[in-house]
Amino acid sequence: MIPLTALAPPCTNSIKRNLKFHFMEFFVARGLCVTIDFLLTEEQRLLRDTVRSFAEAQVGPLAAEIDRTGDFPRRLYGAMAEMGLYGLMVPDELGGAGGDTVMQGLVQEELARFSGTIANLQVSAHESALTLSEHAPPTVAKHYMAKVMSGEMVPSFALTEPTAGSDAAGIRTTAQLVGDKFVVSGAKQFVTFGAVADFCIVLAVTDPASEKDRVSAILIDLDAPGVTIGKQEDLVGVRGTATAPITFDDVVVPAGNLIGQLGKGLRLGLSQIDKGRIATAGMAVGIAQGALEAAMSYALQRQQFGRPIFEFQAVQFKLAQMAMRIDAARLLYVSAAKLRDQGGSSARASSQAKLFGSETAAWVTDEALQLFGGYGYVRDNPIERYWRDAKITQIYEGTSNIQHLIIARQLFKEAKENAK
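Quick note: the sequence shown uses this note's numbering, first residue 4, plus one each step.
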């Protein structure tokens, strides 16, 4: 390896320092993550690099404006459809890309490196298309799934209610089967895309007397009579996701719009959440990675006491901790994704990846903002956007406390099985 000093003739300490930081800025621009290429297939690497180029060229320049206005970014939504990102894991024979969970995690990381909103758009549309491909009747899947993958339709998924968050079994929205129709009534909260969606997959109670098979998933067109879209939420982070409440007042829906089996909707919803945990872990890593790169670039440029603040050991140690935790979080989500793709039991691995990734994103963005000092507390500085976007990763797909419970229960289950 050629030493850095060999790249320039003898010079003063000041010039040496400037030369050193010029090279370091180059490496910051190239990305600071430890390579995981040895874990990836050629196809996975190609997808990651393609999405990285797209994010750098198209997402980065618009990220601040999307965050400032809170408007749904339709152009970027359409651009991701053209790239095939909404059908990434949908089988080839159904018009998708036939990709895997690792790919979805990588896509989330690369998009979130610039914008949590855009990462959120991709995962929400993708999960809806995947749900339709796996559980919808063929005629329903053909119509709605194809239009989601092409970007013609914006989907949404409604589980959360004012009284049902972490306790998903507490759903109160009802769907009464009357002849060949469902009559749906109730209220959903925090529906991603709710303000702009064309349809919604709604979890509703179809058999109140049953303990296990009481909830079903039903697709509802949001222009149907009786549907009311509430005011778009003024979110702290991921502000372009058009999140809004939706109310259903005796909405009549064809029975053929049942997604999956009658009474199995909660299982379907929780299965999608489990898949989404790995994607959320990838999103969290991307947010943390973007914050680290911003902090590193700032540390190389910001002068205090006559030198860049990167030269102070306290700053170096903090950046080292950031990089270490991000790399560990990345390895956790990739390994969880590989386990799932290979057909293994991934419940604990997915929750661990999501929990550690989201906690890492929250910690890294907080420390990065602190490194910026007062400049980090200004809205024009992208570091505060990373800080705000990171928080949602601790809430999506089950809060941090829920992840701790899942991990502990899986450990207990494994201990019982090993004791046999």
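For glycine and all other residues, C-beta sits at the position ideal for the given N, C-alpha and C.
Keep in mind it's a predicted model, so treat the numbers as computed, not measured.
According to DSSP, residues forming a beta bridge with residue i
i	result
Asp224	Phe202
Lys267	Val218
Ala178	Val187
Pro257	Lys184
Thr250	Ala190 and Thr231
Ala431	Residue 431 is absent from the structure shown; the chain starts at 4 and stops at 423.
Val208	Thr177 and Val218
Ile398	According to DSSP, Ile398 bridges with nothing at all.
Ile262	Ala220
Member of the options whose CA lies at the smallest distance from the CA of residue i
i	options	result
Gln275	Leu49, Ala128, Lys416 and Ala317	Ala128
Thr244	Thr368, Gly189, Arg77 and Val337	Arg77
Ser353	Glu362, Leu342 and Leu269	Leu342
Val54	Ile290, Ala115, Leu42 and Glu68	Ala115
Ala282	Leu269, Gly240, Tyr80 and Glu112	Glu112
Pro64	Ile39, Phe41 and Ile121	Ile121
Thr363	Ile329, Asn404, Gln406 and Val143	Ile329
Val256	Leu222, Val62 and Ile405	Leu222
Val241	Glu46, Ala326, Glu68 and Thr402	Glu68
Ser219	Phe193, Asp237, Ala258 and Ile386	Ala258
Gly154	Met327, Ala84 and Ala291	Ala84
Phe375	Ala297, Phe315, Ala198 and Gly347	Ala297
Asp201	Asn260, Thr195, Asp226 and Thr177	Asp226
Leu124	Ser403, Thr195 and Gln179	Thr195
Asp344	Gln107, Glu370 and Asp40	Gln107
Leu97	Thr176, Asp224, Glu59 and Pro141	Pro141
Val143	Ile262, Thr177 and Arg217	Ile262
Ser131	Gly119, Pro158 and Lys150	Pro158
Asp277	Ala178, Ala66 and Ala339	Ala339
Gly119	Lys150, Val62 and Glu420	Val62
Thr72	Gln235, Phe41, Tyr89 and Met156	Gln235
Leu372	Ser300, Gly346, Ala60 and Asn421	Ser300
Leu269	Pro94, Asp210, Tyr389 and Ala418	Asp210
Leu322	Leu43, Lys191 and Trp366	Trp366
Asn260	Glu370, Ser403 and Ala178	Ala178
Asp392	Glu417, Asp52 and Asp70	Asp70
Arg305	Lys423, Tyr378, Gly272 and Tyr80	Tyr378
Gly272	Ile174, Tyr380 and Gly346	Ile174
Pro94	Phe415, Lys145, Gln324 and Thr166	Lys145
Thr166	Lys191, Gln47 and Ala418	Lys191
Nearest-angstrom beta carbon gap, residue j and residue i [assumed within contact, 8 Å]
i	j	result
Leu91	Gly99	7 Å
Ala139	Met152	Between Met152 and Ala139 the Cβ distance is about 13 Å, and since that is not below 8 Å, they are no contact.
Val337	Val105	6 Å
Met86	Phe57	7 Å
Ile405	Gln355	Between Gln355 and Ile405 the Cβ distance is about 13 Å, and since that is not below 8 Å, they are no contact.
Val199	Phe75	5 Å
Ala291	Thr368	7 Å
Arg280	Gly401	7 Å
Phe308	Thr246	Not a contact, Cβ separation roughly 45 Å.
Ala294	Ile386	6 Å
Tyr266	Ser188	Sequence inspection shows Gly at residue 266; the Tyr mentioned does not correspond to that position. 18 Å between Cβ atoms; not a contact.
Check: residue i C-beta below 7 Å from any heavy atom of the ligand SAH
i	result
Val54	In the structure shown, the ligand SAH is absent, as is every other ligand, since no ligand is present at all.
Three or more beta-carbon pairs under 8 Å between the stretch 179-187 and the stretch 135-152, yes or no?
-> no
Could you say if the stretch 200-207 and the stretch 153-162 meet the contact criterion of at least three C-beta pairs nearer than 8 Å?
-> yes
Pair every Cβ in the stretch 347-361 with every Cβ in the stretch 316-336, then say whether three or more of these pairs are closer than 8 Å.
-> yes
Pairing CB atoms from the stretch 249-264 with CB atoms from the stretch 228-238, are three or more of them under 8 Å?
-> yes
Would you call the stretch 388-397 and the stretch 287-297 touching, i.e. three or more CB-CB distances under 8 Å?
-> yes
Quick one: any contact between the stretch 344-351 and the stretch 312-321, if contact means 3 or more CB pairs under 8 Å?
-> no
Going along the chain, which unbroken runs of the alpha helix (DSSP H) with 4 or more residues stay wholly within the stretch 288-369?
-> 316-344
Every unbroken beta strand (DSSP E) within the stretch 33-86, with a cutoff of 3 residues, ordered by chain = none
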